Amino acid sequence: MPTRQVVVLALCLGALGCATTTKHDYSPFYAHPPRSILVVPVLNDTVEIQAPNMLITTVPIPLGERGYYIFPILLTDALLRDLGLPEAGLIHQLPPGKFFEHFGADAVLFITIKDWSSKYVVIQNVMVIRAQFVLIDTRTGTVLWDHTQAVQQQSGGGGGGGLGGLIAMAVVAAVDKLVAESFESQYRPLAMSLSFLAITTNNVGLPAGPYHPNHGGDRSDFPASK
Amino acid sequence: MEIFVGSIRLSRIGWCPLWIVALSVGLLFFLQACAPKPLYNWGGYNECVYAYCYKNDPEKAYALLSETVTNAEKNNLRLAPGLCAEYGYLLYQRGEIGLAAQYFQKEAIAFPESAVLMNKLIGRLKQGESKETASQPESVPAPVTGPSGGAE
Numbered sequence: 001m002p003t004r005q006v007v008v009l010a011l012c013l014g015a016l017g018c019a020t021t022t023k024h025d026y027s028p029f030y031a032h033p034p035r036s037i038l039v040v041p042v043l044n045d046t047v048e049i050q051a052p053n054m055l056i057t058t059v060p061i062p063l064g065e066r067g068y069y070i071f072p073i074l075l076t077d078a079l080l081r082d083l084g085l086p087e088a089g090l091i092h093q094l095p096p097g098k099f100f101e102h103f104g105a106d107a108v109l110f111i112t113i114k115d116w117s118s119k120y121v122v123i124q125n126v127m128v129i130r131a132q133f134v135l136i137d138t139r140t141g142t143v144l145w146d147h148t149q150a151v152q153q154q155s156g157g158g159g160g161g162g163l164g165g166l167i168a169m170a171v172v173a174a175v176d177k178l179v180a181e182s183f184e185s186q187y188r189p190l191a192m193s194l195s196f197l198a199i200t201t202n203n204v205g206l207p208a209g210p211y212h213p214n215h216g217g218d219r220s221d222f223p224a225s226k
Numbered sequence: 001m002e003i004f005v006g007s008i009r010l011s012r013i014g015w016c017p018l019w020i021v022a023l024s025v026g027l028l029f030f031l032q033a034c035a036p037k038p039l040y041n042w043g044g045y046n047e048c049v050y051a052y053c054y055k056n057d058p059e060k061a062y063a064l065l066s067e068t069v070t071n072a073e074k075n076n077l078r079l080a081p082g083l084c085a086e087y088g089y090l091l092y093q094r095g096e097i098g099l100a101a102q103y104f105q106k107e108a109i110a111f112p113e114s115a116v117l118m119n120k121l122i123g124r125l126k127q128g129e130s131k132e133t134a135s136q137p138e139s140v141p142a143p144v145t146g147p148s149g150g151a152e
């Protein structure tokens, strides 16, 4: 019996170890700690054309609650359009200094959607979102934070044994995909958790900002590797 | 007999899932303890941005933000960063120039990080008012620096 417990414990620790292996070096971040962050339109590497507009709506709250000043999303988009920059592709190529010049922002957050898909695995729909978050210092162009976050969720699920159950599940999954609202109702919570996890997770997220009560007190959670 | 058998089965396998149950309960408490109180009042901002960006419904976006700002002012709640500025922008879109400038000003006072941009926008609004010519229907009062990005 004890050996079994040890094995279980070892497995748990192994899982924890895996979860924290991708450590970031926060020394550039601490060298240029931003107060204000400009979130610009999201770049899309996938074919899901609705994805960027959905994802950007999930960013302000976790980022603001992390203690940073967030420039208003709609106003930013309109101002960029007036500057002749209607597309994320153009905006992401702009020299970082331009965002300081036009907005007075300390840092700019570039988000790129890497994966946004629904895969049919055995009897379940598995939805996956993966996105890269890159925070750049607008005065020096230094990369302050670069983190790729992935989330996935299985839809359908539930029991229903036997072959009949399997077929029923397959039908449900197929119908799921066809319902127009399912994209919204299924991906929106997933997109929210993606942004939340990317921004707040220890060792990979953003240290607490100047408006956060824990500002400056979480260096052990976001270590500089020097 | 059945109950007895059932209870034996429960007690025999019970100890193992107990670990999982204890872990889950612990995790729940842990998460609850970790979850801090929100710094700001966000009201319907999330839905507002969603309505505007995703649903392409500026009217609903305006209604949601208007309600949020009014409610925060009435109850003396601390509005989240960007909300006053965003409201100012939506007011500007509706031709409420004076009110728009007021909310840009509020944003600049509440969050000095926004002051550079807000003052640019306010300056632009005032310029537009003094000209009194609606010859250039811009979507926003563009910053003083032009698209060419000339240094100020």
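Heads up: the protein sequence lines correspond to chains A and B, in order. Under this note's numbering, the residue at position 198 of the first sequence is numbered 198, and the numbers go up by one with no gaps. Under this note's numbering, the residue at position 118 of the second sequence is numbered 118, and the numbers go up by one with no gaps. Backbone N, C-alpha and C define an ideal beta-carbon position, used for all residues, glycine too. Computed from a predicted structure; not experimentally measured.
Within chain B, VAL49 and CYS53 have C-beta atoms less than 8 Å from the C-beta of ILE56/A, given in sequence order.
Between the beta-carbon of TYR40/B and that of LEU79/B there is about 7 Å, and that keeps the pair under the 8 Å contact cut. With distances taken between CA atoms, ALA72/B lies nearest to TRP42/B out of GLY95/B, ILE109/B and TRP42/B.
The alpha-carbon separation between HIS147/A and GLY128/B amounts to approximately 43 Å. Chain A has no Cβ within less than 8 Å of the Cβ of SER24/B. Distance from the CA of THR70/B to the CA of PRO210/A, rounded to the nearest whole angstrom, comes to 27 Å. The residue among PRO72/A, ASN44/A and PRO207/A with its C-alpha nearest the C-alpha of ASP218/A is PRO207/A. As computed with DSSP, THR112/A is found in a beta bridge with LEU43/A and GLN132/A.
Think of a sphere of 7 Å around the beta carbon of VAL116/B: the chain A residues whose beta carbon falls inside it are GLY104, in chain order. Taking a C-beta distance under 8 Å as the contact criterion, LEU109/A and LEU135/A qualify as a contact pair.
Among the bridge pairs identified by DSSP, TRP42/B is matched with none.
Interface residue (Cβ-Cβ distance to chain A less than 8 Å): GLY82/B is classified as such. With contacts defined by Cβ atoms closer than 8 Å, PRO72/A and GLY44/B do not form a contacting pair.
In this structure, the CA atom of PRO58/B is about 15 Å from the CA atom of THR68/B. In terms of beta-carbon proximity, ASN46/B lines the interface with chain A, with at least one pair separated by less than 8 Å.
Rounded to whole angstroms, the Cβ separation of ALA88/A and LEU144/A is 20 Å, and the two are not in contact under 8 Å. Going by C-alpha positions, ALA115/B is about 25 Å away from THR58/A. The beta carbon of GLY205/A sits closer than 6 Å to the beta carbons of ILE199 from its chain, once the five residues preceding and following it are set aside; these are given in chain order.
Looking at the DSSP output, ILE70/A bridges to ILE37/A. Between HIS212/A and GLY97/A a beta carbon distance of about 27 Å is seen, past the 8 Å cut, so the two are scored as non-contacting. A Cβ-Cβ contact shorter than 8 Å links LEU43/A with HIS92/A. Counting only residues of its own chain and dropping the five nearest sequence neighbours on each side, TYR89/B has no CB closer than 6 Å to any other CB.
DSSP places ASP25/A in the coil class of the three-state scheme, outside both helix and strand. Using a CB distance cut-off of 8 Å, ALA85/B counts as an interface residue toward chain A. Pairing LYS114/A with THR46/A, the inter-Cα distance amounts to about 6 Å.
Interface criterion met: the Cβ of TYR89/B is under 8 Å from a Cβ in chain A.
Taking 7 Å as the cut-off between beta carbons, the residues of the stretch 69-89 of chain A near chain B are TYR69, ILE70, PHE71, PRO72, ILE73, LEU74, LEU75, ALA78, LEU79, ARG81, ASP82, LEU83 and GLY84, in sequence order.
Listed in chain order, the non-local C-beta contacts of GLU48/A below 6 Å within the same chain comprise TRP116, local neighbours out to five positions each way being set aside.
Counting of Cβ neighbours within 10 angstroms places ILE56/A among the buried residues, the total reaching 16 or more.
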